[in-house]
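Quick notes on the structure that follows.
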Amino acid sequence: MENCLFCKIVEGKIPAKKIYEDDLIVVIEDIAPVAPLHLLLVSKKHIVNTVDLTAEDAELLGRIFLVAARIAGEKGLAGSGFRIVNNNNEGAGQSVFHLHFHLLAGRRFDWPPG
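If you number the sequence shown the way this note's numbering does, the last residue is 248 and the count never jumps.
Here you go:
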C-alpha cells in the first residue's frame with residue numbers, strides 16, 4: 135500500500151531495527167516500547183488486520199507465533215512469561231492498519247489488559 139508505514143519498512147524505504155526476517159515476516163523493535171522487550175512481528179503481505187485474514191494466511195499466522203516464542207526463549211524471557219497482542223481496528227487501539235503483533239516481555243502484565 136502506498137502510504138502504509140509497515141509496507142515501507144518491509145520494502146526498506148524506512149529504516150527500522152530488524153531483529154528477524156524471513157519470507158513471510160519481519161520483526162522490528164517498537165519505537166515506543168511499553169515493556170523491556172517490545173517487538174513488532176509484521177506481515178510482509180499487506181493485510182489490514184485479522185478481520186481480513188483468509189485460509190491462505192494460516193502459514194503466516196503460524197510463523198508469527200513460532201517466531202515470537204523462539205525470540206522470547208532466546209532472550210531468556212519465555213519462562214517468566216510473555217504476551218502477544220494484536221489490536222484490530224481503532225476501537226481496540228490499532229494505529230497502523232497493517233497486520234502486526236506485539237511481543238511483550240520482561241515485566242509483569244495485569245489482567246484484564248487495557
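Ideal Cβ placement from N, Cα and C applies to all residues, glycine included.
Simplified DSSP state of K152, which is helix, strand or coil = Along the sequence shown, one-based indexing puts residue 152 at 18. K152: strand per DSSP, three-state reduction.
Could you tell me whether the stretch 138-147 touches the stretch 183-199, using the rule of 3 or more Cβ pairs below 8 Å?
-> no
6 Å CB neighbourhood of F235 in its chain, flanking five on each side removed = Position 101 of the sequence shown holds residue 235. Cβ within range, chain order: L175, I198, I218 and N220.
Could you tell me the distance, in whole angstroms, from the CA atom of A226 to the CA atom of P247?
-> Locating residue 226 in the sequence shown gives position 92, counting from the first residue. Locating residue 247 in the sequence shown gives position 113, counting from the first residue. Roughly 11 Å separates the two Cα atoms.
Opening and closing residue of the alpha helix (DSSP H) in which E163 lies | By 1-based counting over the sequence shown, the position of residue 163 is 29. From DSSP, E163 is part of no alpha helix (DSSP H) but of the beta strand (DSSP E) over I159 to E163.
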